[in-house]
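Trainee: Before anything else, here's the structure in question.
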Amino acid sequence: MRINFGELVIGDIAKKYLQRVLDKNWASEGDNVKEFEEKFAAHFGYKHVIATSSGTDANICSCATLYDFGAKRGDEIIVGALSFVATANSILAAGFIPKFVDIELETLNIDPSKIEAAITDKTKAIMVVHTMGKPCEMDSILETAKKHDLKVIEDACEAHGATYKGKVIGTIGDMGTFSFYVAHQIICGEGGMVVTNNDKIADVVRSVKSHGRPPDSIYFNFQRVGFNSKMNDLEAALGLEGIEQFEKNFNKRKNNLYKLLKLTKELSGYCYFTKEENYEKTSPHAFPLVLKDEKYDRDRLYNYLESKGIQCKTLFGSLPTQHNAFKFLGYKYGQFPVAEYVGKNGLHFGMHQYINNDDLVYISDTLKEYFKWFSNG
Ligand SMILES: Cc1ncc(COP(=O)(O)O)c(C=O)c1O
197 MRINFGELVI GDIAKKYLQR VLDKNWASEG DNVKEFEEKF AAHFGYKHVI
247 ATSSGTDANI CSCATLYDFG AKRGDEIIVG ALSFVATANS ILAAGFIPKF
297 VDIELETLNI DPSKIEAAIT DKTKAIMVVH TMGKPCEMDS ILETAKKHDL
347 KVIEDACEAH GATYKGKVIG TIGDMGTFSF YVAHQIICGE GGMVVTNNDK
397 IADVVRSVKS HGRPPDSIYF NFQRVGFNSK MNDLEAALGL EGIEQFEKNF
447 NKRKNNLYKL LKLTKELSGY CYFTKEENYE KTSPHAFPLV LKDEKYDRDR
497 LYNYLESKGI QCKTLFGSLP TQHNAFKFLG YKYGQFPVAE YVGKNGLHFG
547 MHQYINNDDL VYISDTLKEY FKWFSNG
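The sequence shown: position 200 = 396 (the numbering used here), numbered continuously.
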């Protein structure tokens, strides 16, 4: 038995759209991508949506729009210290420098009270991540952004369908990004999306994702530096099934999350679990937990869960100080105590729609078995 982090089942709707690819002999960006964009926009109420080849590319294209708003190469984008690496990599890939800020233990999101101190003359944007589907404190973030004339990019790659104070995540700031990798709530295999209600940003993203051409032109008219970040029709075929089944899958995942939180309530002395405030709807990306004391030994718990067939991942860690990739930026261990603590003491596992009630009881029993060792001394 193995409970995987994510599962892909390709059903009849996807097969119908895959057949369209076969019938048309057209597998790059085409009708499926267009229909996927239209359905995604209509479902969530976004004005503009632009499909990309991955969430990483959605992030890179979003950052690259800043050049059309006065940014220069080497300017800075503020970002939480803890996230999947693609967030910070995208900032660098677009030609900017990530300026890291510590996170909050309770939400795993950027700590809004620490943003202002990180702003310099070179800061052009704040890129927030709704980690594990938990919305960031957008009111406070938007207030800081407005005061310093900064754009806000929401990395919502883990937060499909989340809302904050009645507004859907992704367009509370200037633009938002989504991922459709297998672990996520709509799956294309690989794929991403940029969403925005701003006409100019949408035009620039459409250009940047296609080599910097103006959106309505083809071939060799390069207006700005761009990339090949287009989604293809094979990927969109899977996404079209995902969008049609979104509510059903979201509710199943959310019920799974609530059930497991209930089943593991007695472990609240050992772990911090995710919480939902009454002004938000969190998105059930996965099940994160952070140990309340290092003595509970995250690595041992991780190996224990894996040995019982429950696929685990750590909680990323502090990108600037717990990963070699960002050493060249010169941050020192200890600068991001919360992200570093979560990096050492956090893990997460899947909460997808194919996990059933027996699986949830099994996961909860396995966790309880593990912590029993500590209660028995
Ligand atoms: C927060 C975050 N940002 C960006 C990405 C990158 O998405 P992709 O894997 O589609 O490139 C991910 C992927 O898991 C993510 O979790």
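We put the beta carbon where it would ideally sit given N, CA and C, even for glycine.
Are N452 and P484 touching if we call contact CB-CB under 8 Å?
Mentor: Result no, Cβ atoms of N452 and P484 do not sit closer than 8 Å.
Trainee: Which word fits Q507, buried or exposed, when buried means at least 16 other C-beta atoms lie within 10 angstroms of its C-beta?
Mentor: Q507 should be labelled exposed.
Trainee: Under the criterion of a Cβ to heavy atom distance below 7 Å, does V401 qualify as lining ligand 1?
Mentor: Checking the Cβ of V401 against ligand 1 gives no.
Trainee: Quick check: does the Cβ of S503 come within less than 7 Å of any heavy atom belonging to ligand 1?
Mentor: No, the beta carbon of S503 sits no closer than 7 Å to any heavy atom of ligand 1.
Trainee: Could you tell me the boundaries of the beta strand (DSSP E) in which K320 lies?
Mentor: Taken as a continuous stretch (DSSP letters only), the beta strand (DSSP E) holding K320 covers T319 to V325.
Trainee: Would you grab the beta carbon distance between T340 and E312 for me? Rounded to a whole angstrom, and I think it's under 8 Å.
Mentor: About 6 Å separates the two Cβ atoms, so the contact holds.
Trainee: Could you compute how far the alpha carbon of H244 sits from the alpha carbon of A398?
Mentor: Straight-line Cα distance between these residues: approximately 6 Å.
Trainee: In three-state terms, what does DSSP make of A282?
Mentor: The answer is helix: DSSP assigns A282 an H, G or I state.
Trainee: Within the present structure, is the beta-carbon of E354 separated from the nearest heavy atom of ligand 1 by less than 7 Å?
Mentor: Yes, ligand 1 has a heavy atom inside 7 Å of this Cβ.
Trainee: Counting only runs of 3+ residues fully inside the stretch 261–318, write out the beta strand (DSSP E) ranges in chain order.
Mentor: The stretch 261–318 contains these whole beta strand (DSSP E) runs: 272–276 and 293–297.
Trainee: For H548, which of V557, G369, C259 and A379 has the nearest alpha-carbon?
Mentor: Minimum Cα distance to H548 is reached at A379.
Trainee: Can a CB atom of chain D be found closer than 8 Å to the CB of R198?
Mentor: Here chain D cannot be found, since the structure has a single protein chain.
Trainee: Which residue wins for smallest C-alpha separation from G505, given the options T562, S464 and C353?
Mentor: The option with the nearest alpha carbon to G505 is T562.
Trainee: Would you call Q518 buried or exposed, if buried means 16 or more other Cβ atoms sit within 10 Å of its Cβ?
Mentor: Buried, because 16 or more other Cβ atoms sit within 10 Å of the Cβ of Q518.
Trainee: Nearest CA to the CA of G526: which residue from I439, T510, F469 and F296?
Mentor: Among I439, T510, F469 and F296, the Cα nearest to that of G526 is on F296.
Trainee: Mind checking who T373 pairs with in its DSSP beta bridge?
Mentor: Paired residue(s): D351 and V390.
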